[in-house]
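Undergrad:
There are 2 protein chains.
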Amino acid sequence: MTKSTAIEPAFNRLLQFAVEVFAECGFREATVREICSRANVNVASVNYYFRSKETLYTQALAFAFREANRLYPLDAIINRGLPPEQRLTMFIGNFLHKLLDDSHLGLHSKLIAREIADPTKALDEIIETAIIPQFALLAEIIQQILGTPTDKVIVQRCLLCIFGQCLVFKHSRSIIDRLYPELIADDSAIQASAEHIAQFSIAALSRFAKNNKRG
Amino acid sequence: MTKSTAIEPAFNRLLQFAVEVFAECGFREATVREICSRANVNVASVNYYFRSKETLYTQALAFAFREANRLYPLDAIINRGLPPEQRLTMFIGNFLHKLLDDSHLGLHSKLIAREIADPTKALDEIIETAIIPQFALLAEIIQQILGTPTDKVIVQRCLLCIFGQCLVFKHSRSIIDRLYPELIADDSAIQASAEHIAQFSIAALSRFAKNNKRG
DNA sequence: GCTTGTATTAAACAGTTGTTTGAAATTATT
DNA sequence: AATAATTTCAAACAACTGTTTAATACAAGC
Numbered sequence: 156m157t158k159s160t161a162i163e164p165a166f167n168r169l170l171q172f173a174v175e176v177f178a179e180c181g182f183r184e185a186t187v188r189e190i191c192s193r194a195n196v197n198v199a200s201v202n203y204y205f206r207s208k209e210t211l212y213t214q215a216l217a218f219a220f221r222e223a224n225r226l227y228p229l230d231a232i233i234n235r236g237l238p239p240e241q242r243l244t245m246f247i248g249n250f251l252h253k254l255l256d257d258s259h260l261g262l263h264s265k266l267i268a269r270e271i272a273d274p275t276k277a278l279d280e281i282i283e284t285a286i287i288p289q290f291a292l293l294a295e296i297i298q299q300i301l302g303t304p305t306d307k308v309i310v311q312r313c314l315l316c317i318f319g320q321c322l323v324f325k326h327s328r329s330i331i332d333r334l335y336p337e338l339i340a341d342d343s344a345i346q347a348s349a350e351h352i353a354q355f356s357i358a359a360l361s362r363f364a365k366n367n368k369r370g
Numbered sequence: 156m157t158k159s160t161a162i163e164p165a166f167n168r169l170l171q172f173a174v175e176v177f178a179e180c181g182f183r184e185a186t187v188r189e190i191c192s193r194a195n196v197n198v199a200s201v202n203y204y205f206r207s208k209e210t211l212y213t214q215a216l217a218f219a220f221r222e223a224n225r226l227y228p229l230d231a232i233i234n235r236g237l238p239p240e241q242r243l244t245m246f247i248g249n250f251l252h253k254l255l256d257d258s259h260l261g262l263h264s265k266l267i268a269r270e271i272a273d274p275t276k277a278l279d280e281i282i283e284t285a286i287i288p289q290f291a292l293l294a295e296i297i298q299q300i301l302g303t304p305t306d307k308v309i310v311q312r313c314l315l316c317i318f319g320q321c322l323v324f325k326h327s328r329s330i331i332d333r334l335y336p337e338l339i340a341d342d343s344a345i346q347a348s349a350e351h352i353a354q355f356s357i358a359a360l361s362r363f364a365k366n367n368k369r370g
């Protein structure tokens with residue numbers, strides 16, 4: 156044991172700090188040397204354990220998703236026994252906390268948001284394994300609120316509306332920090348923002364539901 | 156005249172292709188050599204005309220905003236004579252077309268979206284000169300729909316909801332392209348998406364307006 | 001026609017990048 | 001204890017980066 160920090164093996168430490176640095180800097184601007192420096196391992200370790208910077212990135216991304224689902228599981232929301240409005244509120248709260256939890260997941264979700272905004276080859280697998288299931292769950296809830304089977308395109312547009320209202324807190328974080336910092340000041344503020352999005356969306360959806368019955 | 160493409164002077168060509176390359180690659184991944192190659196000028200020209208890569212980026216960003224406002228002016232929406240619902244619909248349509256117009260502005264808005272998602276030093280000036288005025292206009296329209304003077308925080312949250320519903324089409328373009336390409340297939344599809352966001356938002360806002368009167 | 005100031009060029013610079021190397025250290029196996 | 005396999009290391013590599021240089025080409029002014 157040559158390193159004082161070597162409680163975790165080098166492989167795991169690399170993965171962990173890769174998430175950190177890739178999230179802060181993006182794939183290209185992140186340097187192998189910076190990751191290794193923080194992980195307290197030699198520069199050559201990346202190529203020894205991961206073959207290349209690119210596969211390290213891919214594995215870091217997968218790791219980030221695993222952590223996100225571990226810390227913020229969707230289990231409770233999948234329960235179809237609950238009223239759909241409550242499930243939607245829970246879904247949005249879960250999503251927003253996932254996005255804005257700086258203490259645990261901030262870096263993970265930032266890494267993911269980065270990949271969505273500026274995709275690499277790794278995106279396709281992520282869409283398959285992580286995004287499609289989440290979208291399916293949200294689509295099911297929306298369909299339930301809208302009532303009688305609705306045009307698929309309308310469900311998709313509503314889904315994007317809700318998705319966008321949450322994601323803006325991550326993607327436009329720089330603007331919110333400067334103009335409306337009180338909206339995300341602490342956990343209770345985030346919770347209030349989440350509830351606002353839920354109320355906003357439920358109000359819109361139930362209006363659509365009415366039109367749906369009439370038409 | 157040593158260059159065949161030198162209808163525009165070198166300075167302007169640099170600015171134009173800087174927008175293109177910075178939008179495609181981001182600030183760091185974009186190379187001065189690539190910009191100069193496309194602009195058909197010598198590598199040294201960037202430092203000759205702009206002192207550094209960084210000031211070229213700043214100027215390219217300002218140029219992108221000027222072009223966006225030139226091609227999609229907000230003039231008609233500022234008119235306070237129109238009903239606020241109509242103004243909101245126009246605002247959203249304007250914004251979404253700005254974001255998704257691949258033929259003219261796609262690169263400009265991508266550059267701007269990039270700067271928001273991953274800010275450099277240039278962001279602060281952009282917020283002052285471009286974002287705050289646009290937010291003020293949208294806030295005014297929202298306030299008008301909500302009726303009797305509303306809590307400022309609620310207006311801000313509604314503003315972010317609408318902003319986010321539009322911006323998701325840019326930031327999550329990679330996902331939409333793969334999962335729901337028909338939503339942005341052509342101009343009429345974009346228009347339909349814009350109208351959906353407007354209806355969704357107006358439905359939510361008018362529900363809030365009711366609660367506002369009662370409370 | 002000469003001078004002055006601007007524009008353009010090829011070449012080089014100094015720094016950083018991901019990756020490779022081959023030896024040394026460590027651990028596991030017999 | 002001796003051998004084999006794995007892990008770690010400092011050093012170097014080749015490629016690429018933004019920037020500078022100093023020489024050249026060009027136009028305008030007198």
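Sequence lines, in order, name chains A and B.
Just so you know, the first sequence maps onto residues 156 to 370 in our numbering.
Just so you know, the second sequence maps onto residues 156 to 370 in our numbering.
We put the CB at the ideal spot given by N, CA and C, even for glycine.
For chain A, is any of its Cβ atoms less than 8 Å away from the one on isoleucine 297 of chain B?
TA: As a first step, residue 297 of chain B is located in the second sequence; it is residue number 142 there, counting from the start. Chain A contact via Cβ: absent.
Undergrad: Can you tell me where the alpha helix (DSSP H) with alanine 217 of chain B in it begins and where it stops?
TA: Position 62 of the second sequence, counting from 1, holds the residue named residue 217 of chain B. From DSSP, the alpha helix (DSSP H) with alanine 217 of chain B extends over 208 to 226.
Undergrad: Between which two residues does the alpha helix (DSSP H) carrying leucine 315 of chain A extend?
TA: On the first sequence, residue 315 of chain A is found 160 positions in, with the first residue counted as 1. From DSSP, the alpha helix (DSSP H) with leucine 315 of chain A extends over 307 to 326.
Undergrad: Starting from glutamate 337 of chain B, trace the alpha helix (DSSP H) both ways and give me its first and last residue.
TA: Here residue 337 of chain B refers to the residue found at position 182 of the second sequence. For glutamate 337 of chain B, there is no enclosing alpha helix (DSSP H), as DSSP marks it with neither H nor E.
Undergrad: Is the shortest distance between the beta-carbon of serine 327 of chain A and the beta-carbons of chain B less than 8 Å?
TA: What you label residue 327 of chain A is simply residue 172 of the first sequence in a count that begins at 1. Chain B contact via Cβ: present.
Undergrad: With a cut-off of 8 Å on the beta carbons, I'd call leucine 301 of chain A and phenylalanine 363 of chain A a contact; round off their distance for me.
TA: Position 146 of the first sequence, counted from the first residue, corresponds to residue 301 of chain A. Position 208 of the first sequence, counted from the first residue, corresponds to residue 363 of chain A. Yes, they are in contact, since the Cβ atoms of leucine 301 of chain A and phenylalanine 363 of chain A sit about 6 Å apart, within 8 Å.
Undergrad: Going by beta-carbon coordinates alone, are alanine 173 of chain A and arginine 269 of chain A separated by less than 8 Å?
TA: To locate residue 173 of chain A, count along the first sequence from 1; it is residue 18. To locate residue 269 of chain A, count along the first sequence from 1; it is residue 114. Not a contact, by the Cβ cut-off of 8 Å.
Undergrad: What residues in the segment 303 to 318 of chain B have a beta carbon less than 9 Å from any beta carbon of chain A?
TA: Val308, Ile309, Gln311, Arg312, Cys313, Leu314, Leu315, Cys316, Ile317, Phe318
Undergrad: So what's alanine 165 of chain B in DSSP terms, helix, strand or just coil?
TA: Along the second sequence, one-based indexing puts residue 165 of chain B at 10. Alanine 165 of chain B: helix per DSSP, three-state reduction.
Undergrad: What separation, rounded to the nearest whole angstrom, lies between the Cα atoms of isoleucine 297 of chain A and proline 228 of chain A?
TA: Taking the first residue of the first sequence as position 1, residue 297 of chain A is located at position 142. Taking the first residue of the first sequence as position 1, residue 228 of chain A is located at position 73. C-alpha separation (whole angstroms): 20 Å.
Undergrad: With 16 other CB atoms within 10 Å as the buried threshold, where does alanine 272 of chain B fall?
TA: Working through the second sequence from its first residue, we reach residue 272 of chain B at position 117. It is buried - the Cβ of alanine 272 of chain B has at least 16 other Cβ atoms within 10 Å.
Undergrad: Less than 8 Å between CB atoms is the rule here; does glutamate 337 of chain A satisfy it with respect to chain B?
TA: The residue you call residue 337 of chain A lines up with position 182 of the first sequence. Yes, glutamate 337 of chain A counts as interfacial toward chain B.
Undergrad: Using DSSP with H/G/I as helix, E/B as strand and the rest coil, what is leucine 237 of chain B?
TA: Stepping through the second sequence from its first residue, residue 237 of chain B is reached at position 82. The three-state secondary structure of leucine 237 of chain B, taken from DSSP, is coil.
Undergrad: When you check each C-beta in the segment 181 to 199 of chain B against every C-beta of chain A, which residues fall closer than 8 Å?
TA: Gly181, Arg183, Glu184
Undergrad: Going along the chain, which residues of the segment 263 to 276 of chain A sit with their C-beta nearer than 8 Å to a C-beta in chain B?
TA: Ala268, Arg269, Ile271, Ala272, Asp273, Pro274
Undergrad: Under 8 Å, do glutamine 320 of chain B and glycine 248 of chain A count as touching if we go by C-beta distance?
TA: In the second sequence, counting from the first residue as 1, residue 320 of chain B sits at position 165. In the first sequence, counting from the first residue as 1, residue 248 of chain A sits at position 93. In this structure, the beta-carbon distance from glutamine 320 of chain B to glycine 248 of chain A does not fall below 8 Å.
Undergrad: Could you tell me if serine 159 of chain A is buried or exposed, where buried requires 16 or more neighbouring beta carbons within 10 angstroms of its beta carbon?
TA: The residue you call residue 159 of chain A lines up with position 4 of the first sequence. Residue placement at serine 159 of chain A is flagged as unreliable, the pLDDT there being 35, under the threshold of 50; a coordinate-derived value is accordingly withheld.
Undergrad: In chain A, what lies closer than 9 Å to phenylalanine 363 of chain B by C-beta?
TA: As a first step, residue 363 of chain B is located in the second sequence; it is residue number 208 there, counting from the start. In chain order: Gln354, Phe355, Ala358.
Undergrad: Please check if any C-beta of chain B sits within less than 8 Å of the C-beta of valine 323 of chain A.
TA: What you label residue 323 of chain A is simply residue 168 of the first sequence in a count that begins at 1. At least one chain B Cβ lies under 8 Å of valine 323 of chain A.
Undergrad: By the 10 Å Cβ neighbour count, where 16 or more other Cβ atoms means buried, how is alanine 194 of chain A classified, buried or exposed?
TA: For the purposes of this step, residue 194 of chain A is taken as residue 39 along the first sequence, with counting starting at 1. By the 10 Å Cβ count, alanine 194 of chain A comes out buried.
Undergrad: With a 10 Å radius around its C-beta and 16 neighbouring C-beta atoms as the bar for buried, classify tyrosine 212 of chain B as buried or exposed.
TA: As a first step, residue 212 of chain B is located in the second sequence; it is residue number 57 there, counting from the start. Counting the other CB atoms within 10 Å of its CB gives tyrosine 212 of chain B a total of 16 or more, which places it among the buried residues.
Undergrad: Count the other CB atoms, across all protein chains shown, that sit within 10 Å of the CB of proline 336 of chain B; report buried if there are 16 or more and exposed otherwise.
TA: Your numbering for residue 336 of chain B matches position 181 in the second sequence. Classification of proline 336 of chain B: exposed, given that the 10 Å Cβ count is below 16.
Undergrad: Do you know how far the Cα of proline 304 of chain B is from the Cα of isoleucine 281 of chain A?
TA: Locating residue 281 of chain A in the first sequence gives position 126, where the first residue counts as 1. Locating residue 304 of chain B in the second sequence gives position 149, where the first residue counts as 1. Approximately 45 Å, taken between the alpha carbons.
Undergrad: Using only CA atoms, which one of B:Gly181, B:Asp332, B:Ala199, B:Glu184 lies nearest to valine 169 of chain B?
TA: Against the second sequence, residue 169 of chain B aligns to sequence position 14. A quick correction: the sequence has leucine, not valine, at residue 169 of chain B. Nearest option by C-alpha distance: B:Ala199.
Undergrad: Can you find a C-beta in chain B that's less than 8 Å from the C-beta of asparagine 249 of chain A?
TA: Taking the first sequence and counting its residues from 1, one reaches residue 249 of chain A at position 94. So, not an interface residue.
Undergrad: Work out the CA separation of lysine 307 of chain A and lysine 365 of chain A for me, nearest whole Å.
TA: Locating residue 365 of chain A in the first sequence gives position 210, counting from the first residue. Locating residue 307 of chain A in the first sequence gives position 152, counting from the first residue. Between lysine 365 of chain A and lysine 307 of chain A, the C-alpha separation is close to 17 Å.
Undergrad: Find the nearest neighbour of leucine 262 of chain B within the set B:Ala231, B:Lys325, B:Glu283, B:Pro274, judged by alpha-carbon distance.
TA: The residue given as residue 262 of chain B occupies position 107 in the second sequence. It is B:Lys325.
Undergrad: Lysine 253 of chain A: buried (16+ other C-beta within 10 angstroms of its C-beta) or exposed?
TA: Position 98 of the first sequence, counting from 1, holds the residue named residue 253 of chain A. With 16 or more other Cβ atoms within 10 Å, it is buried.
Undergrad: Does DSSP put phenylalanine 177 of chain A in a helix, a strand or coil?
TA: Against the first sequence, residue 177 of chain A aligns to sequence position 22. The answer is helix: DSSP assigns phenylalanine 177 of chain A an H, G or I state.
Undergrad: If leucine 237 of chain B sits next to isoleucine 345 of chain B, beta carbons under 8 Å apart, how far is it from one beta carbon to the other, in whole angstroms?
TA: The residue labelled residue 237 of chain B in the question sits at position 82 within the second sequence. The residue labelled residue 345 of chain B in the question sits at position 190 within the second sequence. In fact, because the Cβ distance is near 22 Å, the residues do not count as touching under 8 Å.
Undergrad: With three or more C-beta pairs closer than 8 Å as the rule, is the segment 184 to 192 of chain A touching the segment 218 to 233 of chain A?
TA: no
Undergrad: Can you confirm whether leucine 216 of chain B, when its beta carbon is compared against all beta carbons of chain A, has any partner nearer than 8 Å?
TA: The residue you call residue 216 of chain B lines up with position 61 of the second sequence. With 8 Å as the cut-off, leucine 216 of chain B does not count as an interface residue toward chain A.
Undergrad: Rounded to a whole number of angstroms, what is the C-alpha to C-alpha distance between lysine 208 of chain B and leucine 266 of chain A?
TA: What you label residue 208 of chain B is simply residue 53 of the second sequence in a count that begins at 1. What you label residue 266 of chain A is simply residue 111 of the first sequence in a count that begins at 1. The straight-line gap from Cα to Cα measures roughly 26 Å.
Undergrad: Give the range of the alpha helix (DSSP H) segment to which asparagine 202 of chain B is assigned.
TA: Within the second sequence, numbered from 1, the residue matching residue 202 of chain B stands at position 47. Element bounds for asparagine 202 of chain B: 200 to 205.
Undergrad: Does threonine 244 of chain A pass the burial test, meaning 16 or more other C-beta atoms within 10 Å, or should it be called exposed?
TA: As a position in the first sequence, residue 244 of chain A is number 89, starting the count at 1. Answer is buried; the Cβ neighbour count reaches 16.
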